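Down below is the structure, laid out as structure tokens.
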Amino acid sequence: MDTLIAACSEGKTDEQVIEVCRQLAATETVDEWNAGNERDLPERQRLLALIDKVTSLSLPERRMLVPLYAGIITCLKSDETMKLAVVRLHLAMTDWSKADLAIDGLEPVIDMVNRQPYVLDFVKRKVSRIVNASKGYWKREDLLQMVDQLNTRPHMAAFGVGLCLLKIAGEGLLWNEDCTDRLRVYRNHEQEAVRLMALDIWTTLE
1 MDTLIAACSE
11 GKTDEQVIEV
21 CRQLAATETV
31 DEWNAGNERD
41 LPERQRLLAL
51 IDKVTSLSLP
61 ERRMLVPLYA
71 GIITCLKSDE
81 TMKLAVVRLH
91 LAMTDWSKAD
101 LAIDGLEPVI
111 DMVNRQPYVL
121 DFVKRKVSRI
131 VNASKGYWKR
141 EDLLQMVDQL
151 NTRPHMAAFG
161 VGLCLLKIAG
171 EGLLWNEDCT
181 DRLRVYRNHE
191 QEAVRLMALD
201 IWTTLE
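Following this line, the structure appears as structure tokens:
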């Protein structure tokens, strides 16, 4: 698998990897391999391991793999059991260096959360991890621009991701006035769920 991923990062094997993903997703699991003692959903495990590998690469490598991510998303998006993997692929191909590009990349993720609200916590965890792992490729002030754009959307997903980005920017900017002002806006939001999320973010610990 590592050899395949290395070739992917050079843009050489996108179609082969997409076809592997398609075949793994389409393979029916035999009964004895569903929660079996020796094997358990082997095709699904292999597919998720492959997606984990390609989405855990460095940001420069991920930028080269956008066509691959898009192809895998196309072949998996109709499978309801692969929603979280599709979220990971969308986030992996999101460009966090500019606010407008990031918002465009987040659109399908926000749409997915709006349809399946239960994935919001997963999305927030993954956004935190991938943005923190990409430090040096974005500016904290750009994160605040993303927060402002997300705050104009009447969707819980947008508010949740916005608060996640505000926490990262706030910690990096030592919770300056620009950050605390935004946090107070969220804490006074008309929706209780948004207020509760904002109240779980602290600028300092007692």
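Using UniProt numbering, the letters of the sequence shown map in sequence onto residues 1 to 206. All residues carry an ideal CB built from backbone N, CA and C; glycine is no exception. None of the values given here were measured: they were computed from a predicted structure.
Problem set entry | C-beta atoms of I130 and L68 nearer than 8 Å | In terms of Cβ geometry, I130 and L68 do not form a close pair [threshold 8 Å].
Exercise. Given 8 Å as the limit, is there contact between the segment 48-59 and the segment 105-121, that is, 3 or more CB pairs closer than that?
Worked result: No contact exists between the segment 48-59 and the segment 105-121.
For this session: Could you tell me which of G105, K135 and V87 sits nearest to R115, measuring between CA atoms?
Result: Answer by Cα proximity: V87.
For this session: Starting from H90, trace the alpha helix (DSSP H) both ways and give me its first and last residue.
Result: Under the DSSP assignment, H90 falls in the alpha helix (DSSP H) whose first and last residues are K83 to A92.
Exercise. By how many angstroms is the C-alpha of I103 removed from the C-alpha of R153?
Worked result: The straight-line gap from Cα to Cα measures roughly 11 Å.
Problem set entry | Under 8 Å between C-beta atoms of I72 and L84 | Going by C-beta atoms, I72 is not nearer than 8 Å to L84.
Exercise. If you run the structure through DSSP and keep just helix, strand and coil, what is R62?
Worked result: DSSP places R62 in helix when its eight states are reduced to three.
Exercise. Are the CB atoms of K124 and V161 nearer to each other than 8 Å?
Worked result: Yes, the Cβ-Cβ distance between K124 and V161 is below 8 Å.
Problem set entry | Contact under 8 Å by Cβ, L41 with C21 | No, they are not a contact pair.
For this session: Starting from G172, follow the alpha helix (DSSP H) in both directions and report where the run begins and ends.
Result: Unbroken alpha helix (DSSP H) run through G172: M156 to G172.
Problem set entry | Option nearest C164 by Cα separation, candidates L205, F122 and G136 | Selected option, being the one with the closest Cα: F122.
Exercise. Whose CA, out of D200, V127, N176 and L174, lies closest to the CA of Y186?
Worked result: Here the closest residue by C-alpha is D200.
Problem set entry | 8 Å Cβ cutoff met for M82 and A157 | In this structure, M82 lies away from A157, with their beta-carbon atoms at least 8 Å apart.
Problem set entry | Spatially closest choice to A169 from E141, H189 and N188, by CA coordinates | It is E141 whose Cα lies nearest to the Cα of A169.
Exercise. Mind checking whether I193 and Q149 have CB atoms under 8 Å apart?
Worked result: Correcting the residue identity first, residue 193 is Ala in this sequence and not Ile. No, they are not a contact pair.
Problem set entry | N- and C-terminal bounds of the alpha helix (DSSP H) containing R129 | Secondary structure note for R129: its alpha helix (DSSP H) is the uninterrupted segment L120 to N132.
For this session: Using the Cα positions of C75 and I18, report the straight-line distance between them to the nearest angstrom.
Result: Going by the C-alpha atoms only, they are around 8 Å apart.
Exercise. Along the chain, where does the alpha helix (DSSP H) that runs through Y137 open and close?
Worked result: From DSSP, Y137 is part of no alpha helix (DSSP H); its letter is neither H nor E.
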